[in-house]
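Data block below; observations after.
Residue numbers (UniProt numbering): 1 to 157.
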């Protein structure tokens, strides 16, 4: 049993190394504080060509981090996130946001301004959504004005 565990851990290290080797040292995702080669490699591997998403919101929906909004007449009700997208990206962005928001100035600013109104998982889900919005598209600038954002594709083929 212990031997099998050690073999599995060794194979996992090899897979991680293979993923990290696929990401160049100057890749745009590595410029985002808190995102390393392993996370970048996973994002690239799952997403492929980022240009297939016409808007940042489309990518966030693909990650399962888009809000469910119900409208009836003039009433608009938000029901949380849809969870309809890729569960691996959803989990990855949630983990990265919760673990690294203090290293990322944009996420830290968002955290500080929303920590009184959002708590626990809701706050970390909102952070994951923000990370997906600007991180996945290589957006390093402020999230305050979408017209100021600069899009840099993950993969340029």
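C-beta: ideal position from N, C-alpha, C; glycine also.
Would you identify the three-state DSSP class for residue i, choosing helix, strand or coil?
{"i": "residue 67", "result": "strand"}
{"i": "residue 77", "result": "strand"}
{"i": "residue 72", "result": "strand"}
{"i": "residue 144", "result": "Any reading at residue 144 needs caution, since the residue's pLDDT is 33, under 50, leaving its predicted position unreliable; the model's value is listed next. Residue state, collapsed to three classes: coil."}
{"i": "residue 35", "result": "coil"}
{"i": "residue 158", "result": "Lying outside 1 to 157, the shown extent of the chain, residue 158 is not represented and no answer is given."}
{"i": "residue 120", "result": "helix"}
{"i": "residue 45", "result": "helix"}
For residue i and residue j, which I take to be in contact (beta-carbon distance under 8 angstroms), what is that distance rounded to the nearest angstrom?
{"i": "residue 82", "j": "residue 66", "result": "5 angstroms"}
{"i": "residue 68", "j": "residue 80", "result": "6 angstroms"}
{"i": "residue 123", "j": "residue 107", "result": "About 11 angstroms; that fails the 8 angstroms criterion."}
{"i": "residue 23", "j": "residue 37", "result": "5 angstroms"}
{"i": "residue 39", "j": "residue 118", "result": "With 8 angstroms as the limit, residue 39 and residue 118 do not qualify as a contact, their Cβ atoms being about 24 angstroms apart."}
Over what stretch of residues does the alpha helix (DSSP H) that includes residue i continue unbroken?
{"i": "residue 85", "result": "Premise fails: residue 85 is in no alpha helix (DSSP H) and is neither H nor E."}
{"i": "residue 4", "result": "2-21"}
{"i": "residue 28", "result": "Residue 28 -> no alpha helix (DSSP H), and no H or E assigned at all."}
{"i": "residue 105", "result": "105-114"}
{"i": "residue 56", "result": "56-62"}
Which residue from the options puts its Cα closest to that of residue i?
{"i": "residue 100", "options": "32, 17, 48", "result": "32"}
{"i": "residue 50", "options": "71, 130, 28, 126", "result": "28"}
{"i": "residue 132", "options": "5, 52, 94", "result": "94"}
{"i": "residue 58", "options": "40, 85, 1, 71", "result": "85"}
{"i": "residue 25", "options": "41, 56, 112", "result": "41"}
{"i": "residue 35", "options": "102, 2, 114", "result": "102"}
{"i": "residue 134", "options": "6, 55, 121", "result": "55"}
Practice prompt. Evaluate contact between the region 88-96 and the region 44-63, counting only Cβ atoms and requiring at least three cross-stretch pairs below 8 angstroms.
Written response: yes
Worksheet item: Do the region 10-19 and the region 38-54 touch if we need at least three Cβ pairs shorter than 8 angstroms?
Response: yes
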